[in-house]
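Asker: Shown below is the structure under consideration.
2 protein chains.
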Amino acid sequence: MEKIGIKEIALRANVSTATVSYVLNGTRNVRPKTKERVLKVIEELNYRPNDIAKSLKSKRTNTIGVIAEDVTVFNVPEIIDGINEYAEKNDMHILLTNLRLQKRVGYDYANTDHYQKHAQDAVSNLLSKQVEGIIYIGIHPRDLTGLINTYNKPIVYTYCYAQNECSIQYNDEQASYDAIEYLVSKGHSRIAIISGLMDSIPSRLRFNGYYKALTEFQLPFDPQFIKVGDWGLNSGYHLAAELLKLQEPPTAILIMNDLMAAGALRAASEQGMVVPTDLSIVGFDNREFSAYLSPGITTMDLPLHDMGILAMKALYNRISGTNEKTEETPLCKLIERESVAGPRAALK
Amino acid sequence: MEKIGIKEIALRANVSTATVSYVLNGTRNVRPKTKERVLKVIEELNYRPNDIAKSLKSKRTNTIGVIAEDVTVFNVPEIIDGINEYAEKNDMHILLTNLRLQKRVGYDYANTDHYQKHAQDAVSNLLSKQVEGIIYIGIHPRDLTGLINTYNKPIVYTYCYAQNECSIQYNDEQASYDAIEYLVSKGHSRIAIISGLMDSIPSRLRFNGYYKALTEFQLPFDPQFIKVGDWGLNSGYHLAAELLKLQEPPTAILIMNDLMAAGALRAASEQGMVVPTDLSIVGFDNREFSAYLSPGITTMDLPLHDMGILAMKALYNRISGTNEKTEETPLCKLIERESVAGPRAALK
DNA sequence: CTGTTAGCGCGTTCAT
DNA sequence: ATGAACGCGCTAACAG
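From first to last, the protein sequence lines stand for chains A and B.
Residues in the first sequence are numbered consecutively from 1, following the UniProt record's numbering.
Residues in the second sequence are numbered consecutively from 1, following the UniProt record's numbering.
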């Protein structure tokens, strides 16, 4: 099987390669009859132009690099899907690099030394392949300033950020504010919170939203109602148990991820409390499993898909030189399931 | 900022472009002093060769295309991760195409007419980009013969297959055989099965394994113990309820996915039966949520990561012309959690 | 307006 | 160690 190129087509159609190119790209008028003849040959030989050669001349690859810290972490696939949706519409292709961070360094991603070289190599490879920009997808929101250098190629971070660089993140503060507002609307006033680790940005932001809502709705602020977990199921379990043992326990708990919320569910059940009758719970993340627990966890859904779309859009604008930098920060959405009801007191 | 190329380097180092190339690739001996000088300039200007130009000449892109039917479906990310692991070791890059099938056609993927053109376009684009091969990742195991034409570029299917093409799949029959063997080892003999849709390959294969195990272990074969679900939680719920209402209900149920198993769990609980004391359940898929239910579902873990590795390996061998076609079909692994115990009768 | 010739992009590699 | 052809498609310049 001979490899066919533009000149093979030209030969068989009795025209020059230039004409073939013009037909292919509609760059110039070609007499209909000639055009038809050329197209017929192209069709017959099933010719497809070589994008590599094209790119070399045009200096455009229509390709961006996506660096995912770990595609197996729950937030990543949906973000990639969003990137795809926007990329496809603009005929952009995606060169995917998977850092496999989870498998490489476990949860020790705070210390970037362990993978900085690895990340930079990924960038370098992508640049060699002439990507027109890069999207970096984190597995935990944090500051990645200085991790990588893209030598002036545009980059957009999402689910993480870097100073002086574009990043797409959702609105954490608003999310927990909304969650509290929802609980208040159900009649709760004694609302506790189980936070993630306090060195985490989302934890701080979500706490801000909690605190702001407490203030605005003039709810009692009880330091005993604030627990700091480590994101793991067990910590949710233990901290919820502590809250329930309080003299005057909360009637609702906002928990900063579904994993800890699942732990809380277990704790409640072991203490003979029924969720939501005796205790209401709102989680975070809308992890798949939160729908299958009994009761299903009412939770804040992260706008991952939108983040992907917005990240790609922002990058595309930068690539195209469009100066409209309309970076939005999308909102979380409350998914109502079965873990919230009015407080017991209200039922009496 | 000037764009630097090999000739810029040559100029500054007072050598020819050929020499620079030889230094860069170690393709030929270069006098150490010259070499050093060249390397210094490269370092200073932070030069990186243009892979596009390289590819044009060498006709190798070190890039494969991965077509995922839908990256947001549970089995896909882990397969991609496996592909990455092997690809990275062999310096191969991945151009990812996401068909977004789930969002496009829902569960109507049996009728390929709806997306055949879309899939073929994806292949064509990838071929234009000169990928050296393609891996196609399905979202449901099925025959995709004739869906796409890769014009003799090597392709490997995984989590689906096509006639006369290489495909990597796990061993379904063995998996359900193993599950039954495990239940038997726990003392069960009245073992029911809730199957997925019967037009599905895995359903048939898993049923084969079930039947084979029944025969080998000389267990009673009761047609009433065979239920056919539709993979959804509700069907698991209803079918399990039916099984439990039997005169002589089974002491264990093998269920062909965790979703239906979750439904079964709910049915059991509503009938006041305790899992695993009164009823043992083994699921399939090892979906994330199966670990968080109470009790945690004992389930067959799919070797997704290995499938990714093997798919990439098989493709790599084809690309390299290595003739060792050692396609293995990896095995599922039983994940023991809390939904299995000895049968009630055995406890009496 | 339609078609052709020839040089270019950026590294690689053969012949000198 | 070097000059120059080459890979494949694009496009400026030119011709009819």
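Cβ atoms here follow ideal geometry from the backbone N, Cα and C, with glycine treated the same way.
On a predicted model such as this, the values are computed, not experimentally measured, just so you know.
Among A264/B, E44/B and P49/B, which has the Cα closest to the Cα of T17/B?
Answerer: Translated into the one-based positions of the second sequence, residue 17/B becomes position 17. Considering only A264/B, E44/B and P49/B, the residue with the shortest C-alpha distance to T17/B is P49/B.
Asker: Please tell me whether S290/A and D258/A are closer than 8 angstroms, where the distance is taken between their beta carbons.
Answerer: In the first sequence, the residue the question calls residue 290/A occupies position 290. In the first sequence, the residue the question calls residue 258/A occupies position 258. Yes, these two residues count as a Cβ contact at 8 angstroms.
Asker: Helix, strand or coil for residue 351/B? Go by DSSP, reduced to three states.
Answerer: Outside the displayed span of chain B (1 to 348) sits residue 351/B, for which this structure offers no information.
Asker: Going by beta carbon distance, what residues of the same chain come within less than 7 angstroms of Q102/B, once the five residues before and after it are set aside?
Answerer: Sequence index remark: in the second sequence, residue 102/B carries index 102 (1-based). So the list reads D70, T72, V73 and I139, once near-sequence residues are dropped.
Asker: Looking at the C-beta of N25/B, does it have a partner C-beta in chain A at a distance below 8 angstroms?
Answerer: The sequence position of residue 25/B within the second sequence is 25, counting from 1. Cβ-Cβ to chain A under 8 angstroms: no for N25/B.
Asker: What does the Cβ neighbour count give for S235/B, buried or exposed, with the cut at 16 atoms within 10 Å?
Answerer: Stepping through the second sequence from its first residue, residue 235/B is reached at position 235. Buried is the call here.
Asker: Using a Cβ cut-off of 8 angstroms (strictly closer), state whether V156/B contacts chain A.
Answerer: For the purposes of this step, residue 156/B is taken as residue 156 along the second sequence, with counting starting at 1. Answer no: the Cβ-Cβ gap between V156/B and chain A never drops below 8 angstroms.
Asker: Could you check where the beta strand (DSSP E) with residue 382/B kicks off and where it finishes?
Answerer: Here chain B has residues from 1 to 348 only, and residue 382/B is not among them.
Asker: Please list the partners that F289/A has in chain B, where partner means a Cβ-to-Cβ separation under 9 angstroms.
Answerer: Taking the first residue of the first sequence as position 1, residue 289/A is located at position 289. Chain order gives the chain B residues near F289/A as R287, E288, F289, S290, A291, Y292 and L293, where near means a beta carbon separation below 9 angstroms.
Asker: So which residues of chain A does Y151/B contact, with C-beta pairs closer than 8 angstroms?
Answerer: Translated into the one-based positions of the second sequence, residue 151/B becomes position 151. What Y151/B touches in chain A: N46.
Asker: In whole angstroms, what is the alpha-carbon distance linking K348/B and M273/B?
Answerer: For the purposes of this step, residue 348/B is taken as residue 348 along the second sequence, with counting starting at 1. For the purposes of this step, residue 273/B is taken as residue 273 along the second sequence, with counting starting at 1. Its pLDDT being 41, under 50, K348/B is placed unreliably in this model, and the value from its coordinates should be taken loosely. Taking the straight line joining both Cα atoms gives about 17 angstroms.
Asker: Can you give me the C-alpha to C-alpha distance between H188/A and L304/A, rounded to a whole angstrom?
Answerer: Locating residue 188/A in the first sequence gives position 188, where the first residue counts as 1. Locating residue 304/A in the first sequence gives position 304, where the first residue counts as 1. H188/A and L304/A have their alpha carbons spaced roughly 29 angstroms apart.
Asker: Thinking C-alpha only, which one of R28/A, E78/A, F207/A and H114/A is nearest T158/A?
Answerer: Counted from its first residue, the first sequence places residue 158/A at position 158. Closest option to T158/A, Cα to Cα, is E78/A.
Asker: Leaving aside the five residues before and after G5/A along the sequence, list all residues of the same chain whose C-beta is less than 6 angstroms from its C-beta, in chain order.
Answerer: Within the first sequence, residue 5/A is the residue found at index 5, counting from 1. Same-chain partners within the cutoff: there are none.
Asker: Residues of chain A with CB closer than 8 angstroms to the CB of S128/B, please, in chain order.
Answerer: To locate residue 128/B, count along the second sequence from 1; it is residue 128. R48, P49, N50 and D51, listed in chain order.
Asker: Is there at least one Cβ from chain B nearer than 8 angstroms to R60/A's Cβ?
Answerer: Position 60 of the first sequence, counted from the start, is the residue given in the question as residue 60/A. So, not an interface residue.
Asker: So N98/B and N84/A are in contact, right, with Cβ under 8 angstroms, and what is the actual spacing, rounded?
Answerer: Counted from its first residue, the second sequence places residue 98/B at position 98. Counted from its first residue, the first sequence places residue 84/A at position 84. With a Cβ gap of about 4 angstroms, N98/B and N84/A count as contacting.
Asker: Below 8 angstroms between beta carbons: does that hold for S23/A and K7/A?
Answerer: Here residue 23/A refers to the residue found at position 23 when the first sequence is read from its first residue. Here residue 7/A refers to the residue found at position 7 when the first sequence is read from its first residue. For the record, residue 23/A in the displayed sequence is Val; it is not Ser. No; because the gap between Cβ atoms is not below 8 angstroms, this pair is not in contact.
Asker: Figure out for me which residue from Q224/A, A262/A, G321/A and V228/A has the closest Cα to the Cα of L246/A.
Answerer: For the purposes of this step, residue 246/A is taken as residue 246 along the first sequence, with counting starting at 1. Taking only the C-alpha atoms, the option nearest L246/A is Q224/A.
Asker: Could you name each continuous beta strand (DSSP E) segment of 3 residues or more that falls completely within the region 85 to 165 of chain A, going from the start of the chain to the end?
Answerer: 93 to 98, 134 to 137 and 155 to 158
Asker: Nearest to I64/A by alpha carbon, out of Y86/A, V76/A, A267/A and G232/A?
Answerer: Counted from its first residue, the first sequence places residue 64/A at position 64. Among Y86/A, V76/A, A267/A and G232/A, the Cα nearest to that of I64/A belongs to Y86/A.
Asker: Which residues, in order along the region 94 to 114 of chain B, keep a beta-carbon less than 7 angstroms from a beta-carbon of chain A?
Answerer: Across the region 94 to 114 of chain B, CB contacts with chain A closer than 7 angstroms involve I94, L95, L96, N98 and R100, in sequence order along the chain.
Asker: Of all Cβ atoms in chain B, is any one closer than 8 angstroms to the Cβ of R142/A?
Answerer: The residue given as residue 142/A occupies position 142 in the first sequence. Output row for R142/A: interface = no.
Asker: Measure from the alpha carbon of I52/B to the alpha carbon of each residue in L254/A, M300/A and L127/A, then state which is nearest.
Answerer: Residue 52/B sits at position 52 when you count from the first residue of the second sequence. When each option's Cα is compared against that of I52/B, the closest is L127/A.
Asker: So N29/B contacts chain A; which residues on that side make the cut at Cβ distance below 7 angstroms?
Answerer: Residue 29/B sits at position 29 when you count from the first residue of the second sequence. What N29/B touches in chain A: nothing, since even the nearest Cβ is about 25 angstroms away.
Asker: Taking Cβ positions, are R142/A and I201/A nearer each other than 8 angstroms?
Answerer: By 1-based counting over the first sequence, the position of residue 142/A is 142. By 1-based counting over the first sequence, the position of residue 201/A is 201. Closer than 8 angstroms, so yes.
Asker: In chain order, which alpha helix (DSSP H) runs of at least 4 residues are fully inside the UniProt domain "HTH lacI-type" (4 to 58) of chain B?
Answerer: Qualifying alpha helix (DSSP H) stretches, in chain order: 6 to 13, 17 to 25, 32 to 45 and 51 to 58.
Asker: Cα-Cα, which of K33/A, E338/A and A311/A is closest to P154/A?
Answerer: Translated into the one-based positions of the first sequence, residue 154/A becomes position 154. Comparing Cα-Cα distances from P154/A to each of K33/A, E338/A and A311/A, the minimum goes to A311/A.
Asker: Which same chain residues end up closer than 7 angstroms to A213/A when comparing Cβ atoms and leaving out the 5 residues on each side of it in sequence?
Answerer: On the first sequence, residue 213/A is found 213 positions in, with the first residue counted as 1. Here the set comprises Y177, I180 and E181.
Asker: For chain A, is any of its Cβ atoms less than 8 angstroms away from the one on E8/B?
Answerer: For the purposes of this step, residue 8/B is identified with residue 8 of the second sequence, where counting begins at 1. Residue-level contact by beta carbon fails for E8/B and chain A, as no gap is shorter than 8 angstroms.
Asker: Taking the beta strand (DSSP E) that L334/B falls in, what are its first and last residues?
Answerer: As a position in the second sequence, residue 334/B is number 334, starting the count at 1. Per DSSP, L334/B belongs to the beta strand (DSSP E) from K333 to I335.
Asker: Closest to T277/B by C-alpha separation, out of I253/B, E288/B and M260/B, would be which residue?
Answerer: For the purposes of this step, residue 277/B is taken as residue 277 along the second sequence, with counting starting at 1. Nearest of I253/B, E288/B and M260/B to T277/B, Cα basis: I253/B.
Asker: Please classify R60/A as buried or exposed, where buried requires at least 16 neighbouring CB atoms within 10 angstroms.
Answerer: The residue given as residue 60/A occupies position 60 in the first sequence. Under the 10 Å beta carbon count, R60/A is surrounded by fewer than 16 other beta carbons and is classified as exposed.
Asker: Determine the burial state of D113/A: buried for a count of at least 16 other Cβ atoms within 10 Å of its Cβ, exposed for fewer.
Answerer: Taking the first sequence and counting its residues from 1, one reaches residue 113/A at position 113. The residue is exposed, with fewer than 16 neighbouring Cβ atoms inside 10 Å.
Asker: Report all residues from its chain with a CB closer than 6 angstroms to the CB of R28/A; omit the five preceding and five following residues, and keep chain order.
Answerer: Taking the first sequence and counting its residues from 1, the one referred to as residue 28/A is at position 28. Only Y22 meet the Cβ criterion.
Asker: So, is the C-beta of P77/B closer than 8 angstroms to a C-beta in chain A?
Answerer: Position 77 of the second sequence, counted from the start, is the residue given in the question as residue 77/B. Against chain A, the CB of P77/B has a partner CB under 8 angstroms away; the residue lies at that interface.
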